[in-house]
Amino acid sequence: MGAEHLSFAARTAGLPNPLTGLKVVELAEDPGGEFTGLLLAQLGAEVVKLEGPEGSPTRAAGPWAKGAEGPETSLKFWFYNSNKKSVTADVRTPAGLAALQDLLADADVFICTLQPHALAAAGLDLEAILEAHPKLIIAAVTAFGLTGPWKDYKSSDIVALAAGGPLNSCGYDDHTIPPIRPGGDQAYHTVASFAQIGIMLALLERQKTGRGDLLDISMHEACAVNVELANPYWFYPRVHVHRQTCRHAQPSPTQPALFRCADDRYVYFALILAEPKAWKSLVDWMDSKGMAAMLTEPEYQDVKFRQDNFHLVQEVVECFFLVHTAEEMYREGQAAGLPIGVLNAPEDLFHDEHLIARDFFARVEHEGVGEVAYPGPIYRFSSFCEVARTPAPKLGEHNAEILKSEAGS
Amino acid sequence: MLESTRVKLPAAGASRRPGARRGPLAGVRVADFCWMGVGACATRLLADFGAEVIRIEDRNRLDMPRRLPIYKGEARTYGEEDANPDPNKGGLFNNYNRNKLGVTINMRSPKGRALADRLIAASSVVTENFAPGVMERWGLTYERLNQISPDVIYARMSGFGHSGPHAEYRSYGPVVQAVCGLSHISGLPGEEPSGWGLSYMDNEAAFFNASALLTAIYHRGLTGQGAEIDVAAVEAGINLLGPVLLEVSVNGRSTRGGDYPTGNRLEHPNAAPHGVYPCEGQDRWIAIAVFNDAEWAALAAEIGADWTADPRFASQAARFANQDALDAHMADWTKGQDRYGLMRRLQAAGVAAGAVQTAEDTNDHDPQIAGRGLFFEMDHPVIGEARFEGTPIRFRETLQENWRSGPLLGEDNAYVFKELLGVAEDEYQDLVMEGAL
């Protein structure tokens with residue numbers, strides 16, 4: 014694509030948002046449900062977040078904007094709840110339950126993260142809600158699902174990654190070190206991804222039949238199908254994969270793929286010895302910088318020889334990276350057609366020329382804090398306007414606008 | 010509640026011949042140029058729910074999952090490919106491509122490209138995940154596709170997106186994870202990053218691409234309008250960094266050096282203990298996460314040892330400040346115990362705990378997953394009985410139909426070209442002879 018495609022935002026100004034007109038009620042007490050609501054809000058749906066009088070548990074968790082602790086300064090809450098509206102009502106009281114019923118009356122989607130015991134304690138019967146609102150799409154986004162022996166087990170991001178399987182593949186070559194949880198709330202993000210898919214499928218079904226649906230989406234299962242090779246290696250040859258530092262867990266050890274560079278940053282590069290084209294690119298590139306050493310010798314043209322001597326190859330390549338900066342290796346390696354990735358830290362991303370050229374980051378004005386950079390859109394559609402990112406709501410900010418009764422006061 | 014899931018499996022002995030599809034995407038035909046992990050996993054989600062996904066493959070450039078040696082009865086590591094693989098034996102391909110039709114087209118041949126145009130004209134969705142420029146070389150721009158198939162939805166899936174100075178950069182899961190920051194934020198402080206032991210971003214980018222496709226199909230149902238979609242896996246990955254990105258942009262936090270990244274410890278909230286501890290057996294572990302005093306009291310009662318009364322562990326703040334000592338005691342307590350017994354015992358006491366499960370565990374021993382039917386089997390002409398990972402969503406109404414295992418190479422050529430597109434027998438034979446298929 015040429016320069017005319019540089020800005021989808023410019024081409025699509027004035028077009029509708031993809032989910033304009035869709036009303037969503039979110040009763041979410043963890044980032045899984047909150048991220049589900051966010052994914053819909055970022056496509057233009059009106060998401061009304063129903064919080065208890067003390068606010069969502071994420072309001073009570075840091076990190077904090079400028080170190081100031083409080084329900085309006087949680088960066089965790091900001092991240093997961095931008096573009097939403099907030100109303101307060103305690104669903105564990107009759108008045109709160111009535112407020113929820115009012116909200117559901119004209120909603121298209123209801124996101125609920127309460128586990129079965131919590132649903133029962135609050136007197137919430139999802140089947141009955143669907144019966145009362147047959148066009149409603151109810152997405153129960155829970156730790157283990159609504160049924161089964163573990164349905165009320167407690168979870169968290171690390172517990173879900175452990176029990177679901179991804180954690181078994183993550184960590185270091187040294188297996189005296191336990192598996193290491195990858196950063197971010199990825200078990201919650203994974204279940205939210207499936208919840209979004211399920212909701213869209215149910216909306217498509219409703220487009221045909223007019224009927225709503227009840228969806229039971231399990232974080233445990235979402236993790237169990239997010240292990241990539243570990244499942245097929247068990248399904249077919251029935252072997253286990255073993256974790257290896259920052260590269261694919263495999264049935265047997267492979268060579269390291271992280272290379273330290275002169276500026277103490279790293280690049281990821283999986284040396285593929287068997288691919289002649291990639292091998293030639295690598296050696297030519299190293300040679301152009303006077304560092305190919307013995308790799309230009311004729312015997313290294315032979316795949317078998319390379320494989321038998323891979324530790325020698327690895328050493329020369331390690332030296333090559335060690336005397337250049339990571340950014341230089343990333344750009345030059347990619348220019349040579351090699352799939353090399355620089356390990357960016359979050360702070361590096363704001364200076365990335367590619368992301369700047371794509372005008373990726375969203376700038377959001379926060380009262381008293383100033384302009385804050387958020388991640389930009391996940392998708393660019395030629396037929397829709399980009400949805401602007403707006404700050405997360407204050408606790409109960411939309412009570413007067415949205416709640417019919419005094420439940421929120 | 011939702012005891013039976015709306016997943017349909019074919020009757021025993023059902024033919025592999027494609028039939029009418031059911032489900033929310035019935036009536037949607039997809040000309041699917043996708044391959045590898047991201048693309049195949051994204052269009053599998055459409056094929057599972059009724060779309061007629063027609064995989065277009067090249068006999069001369071086999072899809073990597075057809076070549077990877079994940080075979081029944083043969084354990085080899087990724088990278089130790091078979092020089093002359095049976096393209097119909099690859100387990101990874103089978104897992105990624107169930108419920109799809111398979112055709113072969115040689116896109117380097119003018120007749121092949123003309124045939125692809127006919128297939129696109131008969132489809133309303135086109136998907137691809139080549140390096141940017143490949144579809145353009147074949148003349149398949151959005152503008153042209155929209156002429157061939159009015160109001161087409163054209164989903165483009167790539168590492169860096171279809172504009173910008175790095176658009177042509179090569180990528181696959183681990184490269185995307187590196188560039189978007191996910192690898193850097195994972196690991197022990199002061200050590201090299203441990204990153205990800207899988208192509209997490211292949212899966213996540215696939216899920217987001219599927220969502221984008223469903224959103225565009227939904228919108229077309231309302232307005233009749235198509236769309237071009239550009240999803241860059243790196244940008245999707247940045248959206249998954251979570252609050253740490255705001256810590257950097259709001260507070261100017263450095264994520265290099267010091268105590269960052271935090272390994273298995275959690276800073277927000279100050280959870281403690283929060284980690285992965287050794288259990289009985291080789292490389293067996295349990296994750297335990299304690300978020301407040303009540304959970305700590307429950308855990309301490311289960312441990313029943315004097316050290317739990319140490320003033321260093323008397324409050325959440327104190328426990329968080331003394332995690333080295335706390336983790337040493339925890340590991341000492343867990344190391345002789347069975348991971349499942351411990352998990353059940355702690356969960357019964359109200360403490361979040363999960364055994365670190367392998368794929369064998371989740372497939373064959375996990376009572377929660379077994380009861381919900383997540384994994385399932387279908388027959389395959391070469392592989393035999395083959396297992397699949399299902400979709401972790403139980404619908405009360407919406408149908409997921411699993412009608413066939415992955416297509417053999419070119420299995421549906423005759424059906425798609427002759428029956429769906431109306432190519433005459435003699436023309437079909439010419440296309441075969443000339444190597445256009």
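Protein chains in written order, with my numbering: chain Y, 14 to 422; chain W, 10 to 446. Don't be surprised by glycine CBs; every beta carbon is placed ideally from N, CA and C.
Assignment of GLN263 of chain Y by DSSP, reduced to helix, strand and coil, places it in the strand class. Taking C-alpha positions only, GLY50 of chain Y is separated from THR126 of chain Y by approximately 11 Å.
Contact between LEU271 of chain Y and LEU207 of chain W does not hold, since their C-beta atoms are separated by about 16 Å, which reaches or exceeds 8 Å.
Setting aside the 5 residues that flank it on each side, TYR178 of chain W is surrounded in the same chain by PHE169, each with a C-beta closer than 6 Å to its C-beta; the list follows chain order. Here the C-alpha atom of GLY267 of chain W lies approximately 7 Å from the C-alpha atom of PRO198 of chain W. When the alpha-carbon of ASN30 of chain Y is set against those of Y:VAL154, Y:VAL400 and Y:LYS167, the nearest one is in Y:VAL400. Bounds of the alpha helix (DSSP H) holding GLN332 of chain W are 332-343. Sequence-distant partners of THR113 of chain W (beyond 5 residues in either direction) whose C-beta falls short of 6 Å from its own C-beta, in its chain, are GLU66, ARG68, GLY419 and LEU446. The C-beta distance from SER192 of chain W to GLY204 of chain W rounds to 4 Å, short enough to fall under 8 Å. When CB distances to chain W are screened at a threshold of 9 Å, the residues of the stretch 219-233 of chain Y falling below it are ARG219, GLN220, LYS221, THR222, ARG224, GLY225, ASP226, LEU227, LEU228, ASP229, ILE230, SER231, MET232 and HIS233, in chain order. Fewer than three Cβ pairs drawn from the stretch 398-413 of chain Y and the stretch 228-247 of chain W lie within less than 8 Å of each other, which leaves the two stretches out of contact. HIS175 of chain W counts as buried, since at least 16 other C-beta atoms from the protein chains shown sit within 10 angstroms of its C-beta. With contacts defined as CB atoms closer than 8 Å, ARG224 of chain Y and GLU406 of chain W qualify as a contacting pair. Contact with chain W is absent for MET299 of chain Y, since none of that chain's Cβ atoms lies less than 8 Å from the residue's Cβ.
Not one beta carbon of chain W lies nearer than 8 Å to the beta carbon of CYS332 of chain Y.
Note that the stretch 165-185 of chain Y touches the stretch 360-376 of chain W; at least 3 beta-carbon pairs, one per stretch, sit closer than 8 Å. In the three-state scheme derived from DSSP, where H, G and I count as helix and E and B as strand, ALA219 of chain W is classed as helix. Apart from sequence neighbours up to five positions away, the residues of its chain that approach GLU386 of chain W with a beta-carbon distance below 8 Å are GLU394, ALA395, ARG396 and PHE397, ordered along the chain. Neighbours of GLN156 of chain W in chain Y, taken as residues whose beta carbon is under 9 Å from its own, are absent, since the nearest beta carbon is some 15 Å off. Between LYS290 of chain Y and GLN268 of chain Y, the alpha-carbon positions lie close to 20 Å from each other. Collapsing the DSSP output to three states places HIS337 of chain Y in coil. One alpha carbon belongs to THR101 of chain Y, the other to ASP138 of chain Y, and they sit about 20 Å apart.
The three-state reading of DSSP puts HIS411 of chain Y in coil, since its state is none of H, G, I, E or B. Distance from ILE210 of chain Y to LEU223 of chain W at the Cβ level is roughly 7 Å; contact confirmed, criterion being Cβ atoms closer than 8 Å. For ASP226 of chain Y, the enclosing beta strand (DSSP E) begins and ends at 226-231. Taking C-beta separations shorter than 7 Å and ignoring five residues to either side along the sequence, the partners of LEU56 of chain Y in its chain run ASN30, PRO31, LEU32 and VAL400, following chain order.
Counting along the chain, ALA298 of chain W sits inside no alpha helix (DSSP H); it lies in the beta strand (DSSP E) bounded by residues 294-298. Two segments are said to touch when three or more pairs of C-beta atoms, one from each, lie closer than 8 Å; by this definition the stretch 100-116 of chain W touches the stretch 409-418 of chain W.
Remark: C-beta atoms of LEU88 of chain Y and PRO76 of chain Y approach each other more closely than 8 Å. Within chain Y, no C-beta atom comes less than 8 Å from the C-beta of LYS109 of chain W; the nearest is roughly 17 Å away.
Chain Y places no beta carbon closer than 8 Å to that of PHE329 of chain W, leaving this residue out of the contacts.
Residue contact check for PRO287 of chain W against chain Y: a CB pair falls below 8 Å. From the listed residues W:LEU250, W:ALA221 and W:GLY380, the smallest Cα separation to THR52 of chain W is found for W:ALA221.
Remark: C-beta atoms of LYS62 of chain Y and GLU39 of chain Y approach each other more closely than 8 Å. CYS236 of chain Y carries a helical assignment under DSSP once its states are collapsed to helix, strand and coil. Contact of ASN301 of chain W with chain Y is not assigned, every C-beta pair being separated by 8 Å or more.
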